Ligand code: NDP
């Protein structure tokens, strides 16, 4: 805390991992002796830069851009870019730290990074988005590259924004290389990249339920968010016969007690990805109830799948969910459960799957996009979906292996932290104190 004063979210992320890694180092003192975990609490570097751009009225704006290159112990830096205002550096530090562990779990050679800007894309014209992306990349291009740091999307940054940034990168560097992932499919993007995080969550849920001798079919799932992760998770869950009963955005949530149908999901995709509309409109169009200004956590469900934002499930939300029968908590978003909520969930022996394991499917397919770019070929949707499923199965096996307690209870959080740490830590041991 002395080295990072006031960085609340970063302290939260480090504390969450430390809870499992400190007891592990007690039993494996070489990691403590070489100060591996302490070294991981400082990013390799943090880059902060000015982004000046002109809006459609000719007014000039100045924003702040960031890139945090957290660790390249096991591969080049890799992590998303977030456009959101306000945007605290502490949040990005937390996410970059988490990303190092998540990327390790995928089994692919990728280090951890995160970036973004305090730019609010809402209400901006397409031209303004393009201008901002270009100006952001003009500066960022100095620090990234296919063997150095490969950014991807995150909140506020989807295929459109990545493609504008890729265009600018290509122009500045005068080369066509896989320096960004999440690009359009016709110019180097991977099939199922945009679906991968959400689909991966659904696959993980299936593996976890199977482990617990249960089935996904017929289970009620409360989902938050209506973005890239939420909608693709909903799509796969509905396809697999789960009852998805909520969807939300920052203005409120929609309640569908009988579960969304495939037709509803199609409409939702058009509304959010093509028309960039609000879910209040979705409720109106589909005749569903809409709760303005509320989160979906008071609704009875078997499974909670938060897919919106950090700290969206508070301790009292977790208690309400448990009281209403929720038995499984799977983090689709990054750190959506507060530390108090995680404690409550685990103390009541409910199943908790942390984001670094649950939502790793997106970065995994980003890793596969990089491979395709290097090999100058494109895998089919079926091949990629199969690889995604295999990667999620491997992550599940890892977190069960390191998370199983003596009494048979699986502490998936511990399993994810230790499984991820080991690979990074061993690489750091081998490379010495660089
Ligand atoms: P999107 O920008 O596509 O969607 C975010 C969704 O969350 C929107 O529906 C947004 O609503 C909602 N939201 C934002 N802020 C709040 C809030 N304060 N309260 C309630 N809802 C809110 O982002 P993604 O789907 O890509 O990302 C969602 C989460 O998943 C993030 O935590 C991200 O870091 C994580 N993640 C994303 C990956 C990816 O591949 N995209 C990979 C792994 C993790 P509104 O439109 O009103 O703002």
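In full-length UniProt numbering, the protein residues as written are 18 to 451. C-beta: ideal position from N, C-alpha, C; glycine also. The structure presented is a predicted model; accordingly, all values stated were derived computationally and were not measured.
With a contact defined as Cβ atoms closer than 8 Å, residue 305 and residue 298 miss out at about 11 Å. Sequence-distant partners of residue 317 (beyond 5 residues in either direction) whose C-beta falls short of 6 Å from its own C-beta, in its chain, are 341 and 342. Here residue 30 is actually not in contact with residue 156; their C-beta atoms are around 26 Å apart, not less than 8 Å.
Residue 441 carries a helical assignment under DSSP once its states are collapsed to helix, strand and coil. Residues of the same chain with a CB within less than 6 Å of the CB of residue 127, apart from the 5 flanking positions on each side, are 92, 95, 120 and 384 in chain order.
The Cβ atoms of residue 264 and residue 246 do not sit closer than 8 Å to each other. Secondary structure within the segment 300-351: the alpha helix (DSSP H) runs of 4 or more consecutive residues, fully enclosed, are 332-340 (chain order). When DSSP states are grouped into helix, strand and coil, residue 86 belongs to the strand group. For the ligand NDP, no non-hydrogen atom lies closer than 7 Å to the CB of residue 415. The beta carbon of residue 282 sits closer than 7 Å to the beta carbons of 251, 252 and 255 from its chain, once the five residues preceding and following it are set aside; these are given in chain order. Ranked by Cα distance from residue 180, the first of 163, 201 and 173 is 201. In this structure, residue 358 sits near residue 331, with a CB-CB distance shorter than 8 Å. Take residue 339, set aside five residues on each side of it, and the residues of its chain with a beta-carbon closer than 8 Å to its own are 361, 362, 365 and 367, in chain order. The C-alpha of residue 214 lies about 7 Å from the C-alpha of residue 377. In this structure residue 428 is buried. Its beta-carbon is surrounded by 16 or more other beta-carbon atoms within 10 angstroms. In the structure shown, residue 129 falls within a strand segment according to DSSP collapsed to helix, strand and coil. Rounded to whole angstroms, residue 35 and residue 89 show a C-alpha spacing of 20 Å. Beta-bridge analysis with DSSP links residue 100 to 134.
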